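Chains as they are written, first to last, in my numbering: chain A, 1 to 294; chain B, 1001 to 1426.
Here is the structure we will look at.
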Amino acid sequence: MSILIGRDTRLVVQGITGREGEFHSRAMLEYGTPIVAGMTPGKGGQTALDGRVPVFDTVIEAVRQTGANTSCIFVPAGGAPDAVLEAADAGIATIFCITEGIPALDMVPVVEVVRRAGARLIGPNCPGATSPGRAKVGIIPGSIHREGRVGVVSRSGTLTYEAVQAMTDAGLGQSTCVGIGGDPVIGTQFLDVLQLFAADPETEALVLIGEIGGAAEEEAAAWAAEHMADVPKVAFIAGRTAPEGKRMGHAGAIISGGRGTAASKVTALEAAGFRVASSPTDLPALLREAGYRG
Amino acid sequence: MSGRPQEPGSHAPGGYDRSPSKYPSAGGLARRVKIHEADAKSLLVAQGLPVPPWEVARTPSQARAAAVRFLGDPANATGKVVIKAQVLVGGRGKAGGVKLAATADEAEDVAAQILALEIKGLPVRRVLVGPAAEIVKEYYLSVVLDRATRRLMFIGSAEGGVEIEQVAVDNPDAIVYQHTDPLLGMPDFAARDLAFSIGFGGHWKAGAAIAKGLLRTMLAYDADLVEINPLAVIREHGADGTPVERLVCLDAKITLDDSALTRHPQLEELRDLDAEDPTDIEARRYDLTFIKLDGDIGCMVNGAGLAMTTMDLVKRAGGEPANFLDIGGGAKADRVAAAMRLILEDPNVKAILVNIFGGITRGDEVARGLIEARAQQVRDVPMVVRIVGTNAAEAAELLEAAQFVTAASLDEAAAKAVAAAKGAAA
């Protein structure tokens, strides 16, 4: 098993005929991801990727014709919130939104509509997810992965690749790697992914890659302390030496209440039983130290 | 595999949860645009909010003319004017940037003093002149994007006008939190609820209307913060000379979401380019995120998280980063060359570390940009390059042919860059 994507993934790519959409769809297909449909309004009836993928005008039509259950969105920022709504309305269960630069307030109602539809949104502004050997959705380079049983969750893009590469180089394969995205308003947070990993019998260890700002890492750490006590856990927090972030007036100071710094995150993670690395390359060794034998 | 979401956040049904999130959040390196108090007040007025009159002056004589009008206003209960520096940093009052004046002569003198100030490195180019308010009671009210719950959240208190974050620590019960509904916004009942919870007393109707107005302002301009401190009951002279009290926005702070500026072209003009670092403006032109620091190792990285990690590892190797620089995804040769120019503009830079993990970004494009940049480079600075991921092999060939110093791992790259900087310094 794996989380979010796996052998039963049937992917529709929204924006498949765009430059980014086509390039990454090709890479996903080469990796073995079952792309069953593409969607671009006005191009229904055509095919994409050298005739291998049928294109539909609407997501609902793609779902009806192909049984798509997962969507990957490469639509530009102006249309991406609408693309998420369309996917949720069509009954897509898992929606990955890769698009960056979406105004934060646009996503507030969208996240709520997705929640009410019983769907899950990953992103926006995220690299997607890979379940090595099964499928990859998004833009993470397939070559850095290796099949295995370590769950990786991160809110960065390229830093995720760095950490995954280090794991693979050390012979530690991954069950699923998820990039949740770095925007202020995202559909799936660290805690949600931890809950999925905790319920996945094939995930036996956890790597969490965080950054300064916000308090999602602290929140996830508290949950893991209680519910993933026996799981070997390691973490890396980027920004230990970054200058003080720009505060959002007094309101920011009130609601952050001292959290959000690298020190606060490292303390919370260590208290929750994570071993915290000072370089991504140290992650595999720390995971071994934590008792992972995979 | 499960497609079913867990219940996100800790909000109650209906969405009018009054408790603060357990782990609320703000901060990070998100790009925000600050605007001046006077501009923020204009946005509030455009949304129908009560703001006492003001004028902006760029010279002492303009300030004098404005003062004459406000001193002669029969509604002015104090018979004085307030003159406030317009700079995009906090702590104006402590720095001498906010002063009262009782006569036109005094206003001109005070404005001259304030316009000569530099507050936290920023020159004061404009002052706001308005009637000095007779304050009866001060409140605090803001609406902010709460990342933990992914909703907008009001924060209010009857203890405004002071360091409100200190109130939050010393007397947390004095702060009221209320989330808005992500689909409906703020229905009237929720606004009344907020007004009664904060305790506006007889001014509850005005308080509820102001809360709705702040939310309207937030949505109209894609702000991520609208903060009024103080929101105050002030006493003015009515038409017949008797005292009249009303609730008004005495100060205003608004920050805007950079991602939304393209759909608000009129707000782009409010951006104070004088208050921004020129390298920052140059960086924005090429879609680069650049923050200057004090060290001597220039860093060029793709991705914010990896850029911060690179800085952390430079520090761990005994060096000091000269900057944070994220070239973003999919950078082509010209963006790389622009990034190199920005780094080299800093005379403190003694070595450069380039760290690229190709995904969307192609390693060979970056290598070409580096080769091009080095050909144009005015000053010889040692450079260590590490390129992995998409098209790394092609990049390695190009770099080898051009005799660049390369590194396989990030730790090795950091160590080499630190050594190069120390060698250059010796």
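Backbone N, C-alpha and C define an ideal beta-carbon position, used for all residues, glycine too.
Note that this is a predicted model, so its numbers are computed, not measured.
For the alpha helix (DSSP H) holding Leu1219 of chain B, just list the boundary residues, first then last.
-> Along the second sequence, read from residue 1 onward, the residue named residue 1219 of chain B stands at position 219. Counting along the chain, the alpha helix (DSSP H) containing Leu1219 of chain B begins and ends at Trp1204 to Tyr1221.
With a cut-off of 8 Å, does the C-beta of Ala215 of chain A fall near any C-beta of chain B?
-> Reading the first sequence from its first residue, position 215 is the one you call residue 215 of chain A. With 8 Å as the cut-off, Ala215 of chain A counts as an interface residue toward chain B.
Compute the beta-carbon to beta-carbon distance between Gly1161 of chain B and Pro1230 of chain B, rounded to the nearest angstrom, for a pair I have assumed lies under 8 Å.
-> Position 161 of the second sequence, counted from the start, is the residue given in the question as residue 1161 of chain B. Position 230 of the second sequence, counted from the start, is the residue given in the question as residue 1230 of chain B. Sure, about 4 Å apart at Cβ, within 8 Å.
Short CB-CB distance (under 8 Å) between Met1340 of chain B and chain A = For this step, residue 1340 of chain B is matched to residue 340 along the second sequence. Not closer than 8 Å to any Cβ of chain A, the Cβ of Met1340 of chain B fails to qualify, so no.
With distances taken between CB atoms, is the gap from Thr17 of chain A to Thr70 of chain A smaller than 8 Å?
-> The residue labelled residue 17 of chain A in the question sits at position 17 within the first sequence. The residue labelled residue 70 of chain A in the question sits at position 70 within the first sequence. It is not a contact, given that the beta carbons lie outside the stated cut-off.
Which class does Val1136 of chain B belong to by DSSP, given the choice of helix, strand or coil?
-> As a first step, residue 1136 of chain B is located in the second sequence; it is residue number 136 there, counting from the start. Val1136 of chain B: strand per DSSP, three-state reduction.
Distance, Val1087 of chain B Cα to Asn1171 of chain B Cα = One-based indexing of the second sequence puts residue 1171 of chain B at position 171. One-based indexing of the second sequence puts residue 1087 of chain B at position 87. The straight-line gap from Cα to Cα measures roughly 30 Å.
Near Ile140 of chain A, what residues of its chain come up, given a Cβ to Cβ distance below 8 Å and the 5 sequence neighbours on each side ignored?
-> Sequence index remark: in the first sequence, residue 140 of chain A carries index 140 (1-based). Around Ile140 of chain A: Pro127, Gly128, Ala129, Thr130, Thr160, Tyr161, Val164, Cys177 and Gly179.
Chain A beta carbons: is any one of them nearer than 8 Å to that of Thr1217 of chain B?
-> Working through the second sequence from its first residue, we reach residue 1217 of chain B at position 217. It does not; no Cβ of chain A falls within 8 Å.
What did DSSP end up calling Phe1200 of chain B once you bin it into helix, strand or coil?
-> The residue given as residue 1200 of chain B occupies position 200 in the second sequence. Of the three classes helix, strand and coil, the one that applies to Phe1200 of chain B here is coil, per DSSP.
Between the Cα of Ile1114 of chain B and the Cα atoms of B:Ile1083, B:Ile1387 and B:Gln1266, which residue gives the shortest distance?
-> On the second sequence, position 114 is the one that residue 1114 of chain B refers to. Residue B:Ile1083 is the option with its Cα nearest to Ile1114 of chain B.
By the 10 Å Cβ neighbour count, where 16 or more other Cβ atoms means buried, how is Ser156 of chain A classified, buried or exposed?
-> Numbered from 1 along the first sequence, position 156 holds the residue referred to as residue 156 of chain A. Around the beta carbon of Ser156 of chain A, 16 or more other beta carbons lie within 10 angstroms, which makes this residue buried.
Closest Cα partner of Arg1147 of chain B within the set A:Ala119, A:Ile5 and A:Gly182 = What you label residue 1147 of chain B is simply residue 147 of the second sequence in a count that begins at 1. When each option's Cα is compared against that of Arg1147 of chain B, the closest is A:Gly182.
C-alpha gap between Thr1059 of chain B and Pro1123 of chain B, whole angstroms = Numbered from its first residue, the second sequence carries residue 1059 of chain B at position 59. Numbered from its first residue, the second sequence carries residue 1123 of chain B at position 123. For Thr1059 of chain B and Pro1123 of chain B, the distance between alpha carbons rounds to 14 Å.
For the region 1154-1182 of chain B, which residues have a CB atom closer than 8 Å to at least one CB atom of chain A, in sequence order?
-> Ile1155, Glu1163, Ile1164, Glu1165, Ala1168, Val1169, Ile1175 and Pro1182
Are any of the Cβ atoms in chain B nearer than 8 Å to that of Arg240 of chain A?
-> Counted from its first residue, the first sequence places residue 240 of chain A at position 240. Yes, Arg240 of chain A lies at the interface with chain B (some Cβ there is under 8 Å from its Cβ).
Would you mind reading off the limits of the beta strand (DSSP E) that contains Ala1183 of chain B?
-> Position 183 of the second sequence holds residue 1183 of chain B. Reading off the sequence shown, one finds Leu at residue 1183 of chain B, where the question assumed Ala. Neither: Leu1183 of chain B is in no beta strand (DSSP E) and is coded neither H nor E.
DSSP three-state assignment for Tyr1177 of chain B, whether helix, strand or coil | In the second sequence, counting from the first residue as 1, residue 1177 of chain B sits at position 177. In the structure shown, Tyr1177 of chain B sits in a strand (DSSP, three-state: E or B).
In angstroms with no decimal places, state the Cα-to-Cα distance between Val47 of chain A and Thr241 of chain A.
-> What you label residue 47 of chain A is simply residue 47 of the first sequence in a count that begins at 1. What you label residue 241 of chain A is simply residue 241 of the first sequence in a count that begins at 1. In the sequence under discussion, the amino acid at residue 47 of chain A is Thr, which differs from the Val named in the question. When rounded, the distance between both Cα atoms is 49 Å.
8 Å contact criterion, which Leu1225 of chain B and Leu1141 of chain B should meet: CB distance rounded | Locating residue 1225 of chain B in the second sequence gives position 225, where the first residue counts as 1. Locating residue 1141 of chain B in the second sequence gives position 141, where the first residue counts as 1. With a Cβ gap of about 12 Å, Leu1225 of chain B and Leu1141 of chain B do not count as contacting.
At which residue ranges does the region 1258-1303 of chain B contain complete alpha helix (DSSP H) runs of 4 or more residues, listed in the order of the chain?
-> 1265-1268 and 1278-1285
Go through its chain and collect everything with a Cβ distance to Thr1156 of chain B's Cβ below 6 Å, but skip five positions before and after it.
-> In the second sequence, counting from the first residue as 1, residue 1156 of chain B sits at position 156. This sequence places Gly at residue 1156 of chain B; Thr is not what is there. The answer, listed in chain order, is Leu1141, Val1176 and Ile1198.
Can you tell which of B:Ala1338, B:Val1127 and B:Ala1351 has its C-alpha closest to the C-alpha of Gly1319 of chain B?
-> On the second sequence, position 319 is the one that residue 1319 of chain B refers to. When each option's Cα is compared against that of Gly1319 of chain B, the closest is B:Ala1351.
For Ala1148 of chain B, which residues in chain A fall below 9 Å Cβ to Cβ?
-> One-based indexing of the second sequence puts residue 1148 of chain B at position 148. Under the 9 Å cutoff, chain A gives Gln189, Gly214, Ala215, Ala216, Glu219 and Ile255.
Applying a beta-carbon distance threshold of less than 8 Å, which residues of chain B neighbour Val185 of chain A?
-> Taking the first sequence and counting its residues from 1, the one referred to as residue 185 of chain A is at position 185. Going along chain B in sequence order, the residues near Val185 of chain A (Cβ under 8 Å) are Leu1145, Arg1147 and Arg1150.
Compute the distance between the beta-carbons of Ala1057 of chain B and Arg1126 of chain B, then report whether it is under 8 Å.
-> One-based indexing of the second sequence puts residue 1057 of chain B at position 57. One-based indexing of the second sequence puts residue 1126 of chain B at position 126. In contact: Ala1057 of chain B and Arg1126 of chain B (Cβ atoms closer than 8 Å).
DSSP state of Ala1026 of chain B mapped onto helix, strand, coil = Translated into positions along the second sequence, residue 1026 of chain B becomes position 26. With a pLDDT of only 32 at Ala1026 of chain B, under 50, the local geometry of the prediction cannot be trusted, and no value is derived from it.
Where in the region 1031-1108 of chain B do unbroken runs of the alpha helix (DSSP H), each at least 4 residues long, occur, reported from the N-terminal end onward?
-> 1037-1046 and 1060-1071
Got a sec, what are the start and stop residues for the alpha helix (DSSP H) Gly1363 of chain B sits in?
-> Within the second sequence, residue 1363 of chain B is the residue found at index 363, counting from 1. It spans Gly1363 to Gln1376 - the alpha helix (DSSP H) in which Gly1363 of chain B sits, taken as one unbroken run.
Below 6 Å CB to CB, which residues in the same chain sit around Gly15 of chain A once its five sequence neighbours on both sides are set aside?
-> As a working mapping, residue 15 of chain A is identified with position 15 in the first sequence. The answer, listed in chain order, is Gly21, Phe74 and Val75.
Run the CB neighbour count on Lys1094 of chain B, radius 10 Å, all protein chains shown included, and call it buried at 16 or more, exposed below.
-> As a working note, residue 1094 of chain B is residue 94 in the second sequence. Answer is exposed; the Cβ neighbour count stays below 16.
Check the DSSP bridge columns for Glu211 of chain A and list the partner residues they point to.
-> Locating residue 211 of chain A in the first sequence gives position 211, counting from the first residue. Paired residue(s): A:Ala238.
Quick one: any contact between the region 1254-1262 of chain B and the region 1298-1308 of chain B, if contact means 3 or more CB pairs under 8 Å?
-> no
By Cβ distance below 7 Å, which residues in the same chain neighbour Lys1416 of chain B in space, the five residues on each side in sequence not counted?
-> By one-based count along the second sequence, residue 1416 of chain B stands at place 416. Counting only Cβ-Cβ distances below 7 Å, and skipping sequence neighbours, we find Val1384, Val1405 and Ala1407.
Per the contact definition of three or more C-beta pairs closer than 8 Å, is the region 1031-1048 of chain B in contact with the region 267-284 of chain A?
-> no
Straight-line gap, Ala1063 of chain B to Pro1053 of chain B (C-alpha atoms, nearest Å) | Here the question's residue 1063 of chain B lines up with position 63 in the second sequence. Here the question's residue 1053 of chain B lines up with position 53 in the second sequence. Approximately 14 Å, taken between the alpha carbons.
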